[in-house]
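Enquirer: In UniProt numbering, the protein residues as written are 1 to 742. Note that CB positions come from ideal geometry on N, CA and C, so glycine has one too.
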């Protein structure tokens with residue numbers, strides 16, 4: 001379907017869905033509604049992602065359309081209220097389901113006892129009829145109501161199968177109870193199957209109850225993320241401190257955070273200082289120091305001190321809210337394999353009803369003396385054992401758990417397709433700066449010419465001069481020196497492209513290139529010069545410090561390789577993935593970084609368009625390519641790649657284009673992402689295999705295919721139990737993803 005201009009995309013909770021076929025019905029109804037560009041239903045999370053044109057339709061109108069088919073939307077502008085309403089509706093549904101299951105079980109026990117052991121009990125059939133009627137009308141009523149609503153729209157779902165099977169069994173048994181002479185006249189015993197009808201309702205209710213409990217566990221990671229947001233905030237307005245709800249915070253508000261409290265919104269520290277635990281978002285184990293001017297993020301936890309900060313991003317604009325929205329969207333998106341499953345689920349119920357009718361007809365013609373009885377049992381068993389729910393839950397439950405698992409390991413996955421595709425990746429392209437390296441220059445080596453007692457004096461002078469310089473290399477030296485005091489600068493001058501000079505405490509210092517030092521009559525030290533040359537061979541920038549005509553020290557500066565980059569590259573190679581490095585830096589630097597990181601293939605002096613062309617070339621050779629980058633210059637290649645991965649501390653455009661974001665700066669999250677993809681896809685395949693096998697074996701057995709061989713005919717009660725177990729087993733298998741080690 002074509003995308004409608006000015007469309008709006010929103011995820012809305014759905015009510016009334018009881019099986020995968022329901023999800024297909026909701027989706028098809030919405031897609032054919034005027035003004036809707038697209039709709040994707042996630043049965044596991046009971047939500048639908050709708051893309052629609054607000055000028056042509058609105059959520060209340062779409063809700064009304066669905067209500068005619070027995071479904072509905074929770075229409076609420078405030079997302080928190082919508083979530084609370086959905087939670088309340090699900091809890092109410094769960095409580096009702098629990099109550100119905102218990103009472104259906106209690107009433108079914110005497111029906112089973114009479115039907116199986118006290119068949120000759122006086123008025124036994126009438127007792128079973130009354131108890132079964134109570135089960136069907138009081139606790140199985142929703143199956144019949146929903147089936148009727150579906151029939152009105154010429155559709156069928158799981159409720160249709162349950163209503164047909166139990167309804168036929170009950171009506172047939174009721175007829176035999178009131179008119180037994182009809183069968184006696186034909187020399188046959190009037191069997192009743194009230195226990196089958198009541199127990200089927202009980203087993204299916206029990207299966208749904210277990211399924212609901214299991215499904216709530218699949219979104220645990222999302223609930224944890226949402227739980228990071230505090231409910232109230234302490235702010236200062238007009239010099240008055242007060243506590244207000246989080247939703248009422250405005251950009252520019254001054255917020256007070258005390259020790260042990262969660263930071264409510266994104267902003268910048270105004271006053272005070274503290275250490276903040278940002279591990280849940282960045283993966284960094286050590287708390288980050290926060291002082292005036294530092295950025296703080298919603299969901300992180302203040303530890304020791306207290307501080308005031310100004311709110312900058314609030315509501316949906318905070319980093320945490322965007323992460324939550326991304327996880328919600330990804331959990332609601334569909335993997336490519338799900339499209340095939342949806343098509344199967346859409347025709348599954350009508351096909352099963354057809355098989356059930358055919359089963360009964362075949363038994364009538366070839367069933368012998370008990371043809372009608374056996375045919376009825378077999379057709380009822382076919383209706384009961386068929387389970388589209390297992391098919392419908394196979395993919396979304398695995399995706400939901402997989403996306404949640406990724407979020408827990410600082411891997412933000414934007415859609416199900418990228419999670420499914422990632423396991424096929426056989427080539428990874430890494431950007432250098434900010435991806436493999438720290439992304440900013442640092443001093444890696446500091447060598448003194450002599451063991452002088454004036455080191456502290458010289459360092460204070462160096463810091464005093466470099467503090468006045470705006471050059472990135474100067475800032476690297478300032479951070480390295482880390483002296484609390486500086487000398488008094490009497491004069492200062494920057495010579496662009498060479499260095500700085502100035503007089504500190506009466507002494508003239510020169511800091512810059514060796515050529516700059518030589519021009520200023522600084523005598524070179526042969527031993528130090530040799531060491532400097534060796535450092536330059538490692539693609540490091542070497543700066544000299546001179547005073548009084550002597551070379552005092554040299555500093556080697558480089559964009560340092562991240563501590564875990566080499567380990568991450570090695571793990572990718574162990575996974576059978578070829579690793580390439582593309583960088584715009586010079587060949588010498590690229591070679592040094594590639595060697596240190598353990599990368600065999602690299603290209604230097606690569607322009608942004610060249611990166612994209614390189615991705616295309618690999619794809620033309622049949623490779624499945626993942627591109628990992630953090631800058632604007634990587635965005636074209638990220639868009640072209642089969643799987644695009646952005647570093648969380650990179651540029652906004654890189655993160656917008658990428659389908660995965662590593663929130664942590666640790667590249668080790670990348671092999672974890674690929675492992676998670678493989679495990680998730682394996683789980684999906686297992687789920688689909690068992691769901692298909694269950695139906696391929698179960699339906700023929702229920703139809704009586706084994707009866708001519710060994711006289712076995714499946715009891716409808718057992719069929720009901722097997723159907724319930726199939727859905728629960730699929731969800732339970734998906735939940736195993738939560739315990740895997742990445």
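#1: What is the rounded straight-line gap between the Cα of residue 516 and the Cα of residue 321?
#2: What would DSSP say about residue 400, mapped onto helix, strand or coil?
#3: In the DSSP assignment, find the alpha helix (DSSP H) that holds residue 32 and state where it starts and stops.
#4: What residue range is occupied by the uninterrupted beta strand (DSSP E) comprising residue 756?
#5: Taking contact to mean at least 3 C-beta pairs separated by less than 8 Å, is the segment 705-719 in contact with the segment 190-208?
#6: Consult DSSP for residue 313 and reduce its assignment to one of helix, strand or coil.
#7: Kindly indicate if chain B contains any beta-carbon less than 7 Å away from that of residue 17.
#8: Does the count of Cβ pairs from the segment 448-459 and the segment 607-620 closer than 8 Å reach three?
#9: Return the Cβ separation of residue 512 and residue 500 in integer angstroms, given the expectation that the two are a contact with Cβ distance under 8 Å.
#10: Give the DSSP-derived three-state secondary structure of residue 351 in the structure shown.
#11: Which of the three DSSP states, helix, strand or coil, is assigned to residue 248?
#12: Would you list the one or two residues that DSSP bridges to residue 42?
#13: On the DSSP bridge list, what partners appear for residue 511?
#14: Please report the straight-line C-alpha distance between residue 209 and residue 45, rounded to a whole angstrom.
#15: For residue 110, list the residues DSSP reports as bridge partners.
#16: Roughly how many whole angstroms lie between the Cα atoms of residue 231 and residue 239?
#17: Please list, in chain order, all residues of the same chain as residue 748 whose beta carbon is under 6 Å from its beta carbon, the five residues on each side excluded.
#18: Would you decide whether residue 708 is buried or exposed? Buried here means 16 or more other CB atoms lie within 10 Å of its CB.
#19: Take residue 678 and list the residues in its own chain whose beta-carbon comes closer than 6 Å to its own, dropping the five residues that flank it on each side.
#20: Kindly provide the ranges of any alpha helix (DSSP H) runs that are 4 or more residues long and lie completely inside the segment 572-640, ordered along the chain.
#21: Does any heavy atom of the ligand NAP sit closer than 6 Å to the C-beta of residue 103?
#22: Can you name the start and end residues of the beta strand (DSSP E) that residue 647 belongs to?
#23: Name the two residues that bound the continuous beta strand (DSSP E) containing residue 15.
#24: With distances taken Cα to Cα, identify the nearest neighbour of residue 378 among 446, 100, 406 and 705.
#25: Counting C-beta neighbours from all protein chains within 10 Å, is the total for residue 241 16 or more, i.e. buried, or is it exposed?
#26: How about residue 156 and residue 144: do their beta carbons lie closer than 7 Å?
#27: Could you tell me whether the Cβ atoms of residue 535 and residue 542 are closer together than 7 Å?
#28: Which stretch, first to last residue, makes up the beta strand (DSSP E) that contains residue 698?
#29: Of all the options 671, 699 and 128, which has the alpha carbon lying nearest to the alpha carbon of residue 714?
#30: Rounded to whole angstroms, what's the CA-CA distance from residue 11 to residue 273? Just pull it up for me.
#31: Given a cut-off of 7 Å, decide if residue 398 and residue 32 are closer than it, judged by their beta-carbon atoms.
#32: Tell me which residue opens and which closes the beta strand (DSSP E) that residue 439 is part of.
#33: Is residue 425 helix, strand or coil when you go by DSSP?
#34: Assuming residue 426 contacts residue 577 under a Cβ cut-off of 8 Å, what Cβ separation, rounded to an integer in Å, is found between them?
#35: Mapping DSSP to helix, strand and coil, what is residue 255?
#36: Identify which residue in 301, 353 and 268 has its Cα closest to the Cα of residue 292.
Expert: In short, the structure shows the following:
#1: 51 Å
#2: helix
#3: Careful: residue 32 lies outside any alpha helix (DSSP H) and carries neither H nor E.
#4: Any answer about residue 756 is impossible in this case: the structure gives the chain only from 1 up to 742.
#5: yes
#6: strand
#7: No chain B is part of this structure, which consists of one protein chain only.
#8: no
#9: 6 Å
#10: helix
#11: helix
#12: 47
#13: 500 and 545
#14: 15 Å
#15: DSSP output for residue 110 lists no bridge partner at all.
#16: 22 Å
#17: Lying before the first or after the last residue shown, residue 748 is absent from the chain, which here runs from 1 to 742.
#18: exposed
#19: 423
#20: 587-597, 608-620 and 635-640
#21: For the structure depicted, the ligand NAP is absent and the ligand set is empty, with no information on it obtainable.
#22: 643-647
#23: 8-15
#24: 705
#25: exposed
#26: no
#27: yes
#28: Per DSSP, residue 698 belongs to no beta strand (DSSP E); it is in the alpha helix (DSSP H), 669-703.
#29: 699
#30: 39 Å
#31: no
#32: 437-448
#33: coil
#34: 6 Å
#35: strand
#36: 268
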